[in-house]
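Presented below is the structure to which this report refers.
Chains as they are written, first to last, in our numbering: chain A, 173 to 415; chain B, 5 to 206.
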């Protein structure tokens, strides 16, 4: 696990608040592609100029431009093709292909589970709520571990850690309380402490469940995040799709 | 015929058809679309660092290169372990019986960082396995969707309605946190403290 760097303001079962550190639990990379004894790097490069794209070729040579490619290689721009791409800046193109020189306006499009568009609305920014003046609150809603894994899919896990002796006592106390009861407790954000947790502006909202483990003076305090229930879609999905 | 997840426990084989489940199939999704001044959707493009090249969709490719700048065809790449040593490719586990480990407690699921969820439909199954899963047991098997260099862990479990799932990802082991870990301690050989109070330093 990388050293925790971000801060989380939370309360415990007694309503006492503290600011602690957290980091994502990440799985170790099992293997990578490469050559034994050599360093290889993954790079992106320019493979075609705009004049070599289908639309431009069709406009210049007609839809049946295959023969033109064989005869004169119009799709190859020796100045550009093969050029490595490093850092790039994102730009937006208007519907006529021109670069926009002012920010675009935005619309939020809503799709149903069947993939059909259900509506449009102006997007609203969602502010993060985990390192706020208002703490992430202990809701008191507890759920057994066995029940939790059968109801929710936990897509991310954060590990909380102390930043000094006082927060060590605080987090160890929370972990011990939860471990003894063998439950997860739901944590909520916002003024009433019931909102989903949002870790950055316009980030995905998650339901957060705190799990504690204790081994003597050592502890693990894990915030499991879920944005979906463990259930089947109403309509059967395609079989054997690629992951 | 679609490939199946096949498992083996106590000499009994079970086969499941499977279908990927993601959040958008349960709840739908939202997408923010940029609009130009005419109200038409914009396309995204990239501008190179020096501003000289406008990169539109379809203008790029990618690959592996040596430090000398030579392209390495994908067929020459091999799987390497963390020490950089060649590793045997992992065969796809689909259609091949995998021995189940378990049952495990719920912590095994909580220690999995998942990247895929599959809904399982029993094809030919050991009834005792299905009963165990529906009673809350969790079993583990190695999982590789395709032959390659990555192998994951799949956990078989059932929800409260008895529907069966395979949760695929990697197991992580959280570190134990200790009180002293944030207090730097410097020990030196001549650091013996004999209880003498040195006032000459003032």
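Glycine included, C-beta positions come from ideal geometry on N, C-alpha and C.
In this text, all values refer to a predicted model and were calculated from it rather than measured experimentally.
- What residues of chain A sit near residue 88 of chain B, judged by a beta carbon separation below 8 Å? 206, 208, 209
- Skipping 5 residues on each side, what residues in its chain have a beta carbon closer than 8 Å to that of residue 38 of chain B? Here the set comprises 45, 46, 48.
- Range covered by the alpha helix (DSSP H) that runs through residue 31 of chain B: Counting along the chain, residue 31 of chain B sits inside the alpha helix (DSSP H) bounded by residues 27-31.
- Item | Alpha carbon of residue 108 of chain B to alpha carbon of residue 251 of chain A, nearest angstrom | 60 Å
- Query: Taking the alpha-carbon positions, what's the residue 383 of chain A to residue 41 of chain B distance?
  - Reply: 49 Å
- Task: Give me the Cα-Cα distance between residue 452 of chain A and residue 362 of chain A, rounded to the nearest whole angstrom.
- Result: Beyond the ends of chain A as shown, which are 173 and 415, falls residue 452 of chain A; an answer cannot be given.
- Check distances from the C-beta atoms of the stretch 356-376 of chain A to those of chain B and list, in chain order, the residues that come in under 8 Å. none
- Query: Roughly how many angstroms separate the alpha carbons of residue 127 of chain B and residue 112 of chain B, rounded to a whole number?
  - Reply: 26 Å
- Task: Could you name the residues of chain B that residue 212 of chain A contacts, counting a contact when the two beta carbons are closer than 7 Å?
- Result: 68, 69, 70, 76
- Enumerate in chain order the residues of its own chain whose CB-to-CB distance from residue 73 of chain B is below 8 Å, with the five nearest sequence positions on each side excluded. If the five residues before and after residue 73 of chain B are omitted, its C-beta is found closer than 8 Å to no C-beta atom of its own chain.
- Selection of the stretch 326-338 of chain A by Cβ proximity to chain B, strictly under 9 Å: When C-beta distances to chain B are compared with 9 Å, the residues of the stretch 326-338 of chain A below that value are 326, 327, 328, 329, 331, 332, 333, 334, 335, 336, 337, in chain order.
- Since residue 321 of chain A is in the alpha helix (DSSP H), which residue starts that stretch and which ends it? 317-323
- Query: For residue 146 of chain B, which beta-bridge partners are listed by DSSP?
  - Reply: B:157
- Task: Would you mind telling me which residues of chain B sit closer than 8 Å to residue 399 of chain A, beta carbon to beta carbon, in chain order?
- Result: Under the 8 Å cutoff, chain B gives 27.
- By Cβ distance, which residues of its chain are closer than 8 Å to residue 255 of chain A, with the 5 residues on each side in sequence left out? 217, 218
- Query: Does the beta-carbon of residue 174 of chain A have 16 or more other beta-carbons within 10 angstroms, so that it is buried, or is it exposed?
  - Reply: Bear in mind that the predicted position of residue 174 of chain A carries a pLDDT of just 48, short of 50, making it too unreliable to give a figure here.
- Rounded distance between the beta-carbons of residue 194 of chain A and residue 331 of chain A, thought under 8 Å: Right, their Cβ atoms sit about 7 Å apart.
- Start and end of the beta strand (DSSP E) containing residue 122 of chain B? 116-128
- Please go through the same chain and pick out, in chain order, the residues whose beta-carbon is closer than 8 Å to the beta-carbon of residue 176 of chain A, but skip the five residues on each side of it. In this prediction, residue 176 of chain A has a pLDDT of 48, which is less than 50 and means its spatial position is unreliable; what the coordinates show is noted afterwards. Answer for residue 176 of chain A: 193, 194, 195, 331, 332, 333, listed in chain order.
- Tell me whether the beta-carbon of residue 221 of chain B lies closer than 8 Å to the beta-carbon of residue 172 of chain B. Chain B is shown only over 5 to 206; residue 221 of chain B falls outside these bounds and no answer can be derived.
- Item | Residue interval of the beta strand (DSSP E) (run including residue 206 of chain A) | 204-206
- Item | Where the beta strand (DSSP E) containing residue 378 of chain A begins and where it ends | 377-387
- Task: Identify which residue in A:348, A:288, A:342, A:263 has its Cα closest to the Cα of residue 51 of chain B.
- Result: A:263
- If residue 180 of chain B and residue 390 of chain A are in contact, beta carbons under 8 Å, what's the gap, nearest whole angstrom? 4 Å
- Query: Do we get a CB-CB distance below 8 Å when we pair residue 185 of chain A with the residues of chain B?
  - Reply: No, residue 185 of chain A lies away from the interface with chain B (no Cβ there is under 8 Å from its Cβ).
- Element boundaries [alpha helix (DSSP H), containing residue 243 of chain A]: 238-244
- Could you list which residues in chain A have their beta carbon closer than 8 Å to that of residue 19 of chain B, in chain order? Ordered by position in chain A, no residue passes the 8 Å Cβ test against residue 19 of chain B, which lies about 13 Å from the chain.
- Quick one: does residue 392 of chain A have its CB under 8 Å from some CB of chain B? Under the 8 Å criterion on CB atoms, residue 392 of chain A is classed as interfacial with respect to chain B.
- With 8 Å set as the bound, which would you pick, yes or no: does the beta-carbon of residue 179 of chain A sit closer than that to a beta-carbon of chain B? no
- Item | Sub-8 Å separation of residue 102 of chain B and residue 10 of chain B beta-carbons | yes
- Task: Please confirm if the stretch 387-401 of chain A is in contact with the stretch 64-80 of chain B, defined as three or more CB-CB distances below 8 Å between the two stretches.
- Result: Flag = no, the stretch 387-401 of chain A and the stretch 64-80 of chain B do not touch.
- Query: Can a CB atom of chain B be found closer than 8 Å to the CB of residue 241 of chain A?
  - Reply: Taking 8 Å as the threshold, the shortest C-beta distance from residue 241 of chain A to chain B does not fall below it.
- Message: Just checking: is the beta-carbon of residue 290 of chain A within a distance shorter than 8 Å of some beta-carbon in chain B?
- Response: yes
- Three-way DSSP call (helix, strand, coil) for residue 411 of chain A in this model: Per-residue confidence for residue 411 of chain A stands at a pLDDT of 49, beneath the threshold of 50, marking its modelled position as unreliable; the derived number appears in the next sentence. If DSSP states are grouped into helix, strand and coil, residue 411 of chain A belongs with the strands.
- Message: Can you tell me whether residue 156 of chain B is buried or exposed? The criterion is at least 16 other CB atoms within 10 Å of its CB, across all chains shown.
- Response: buried
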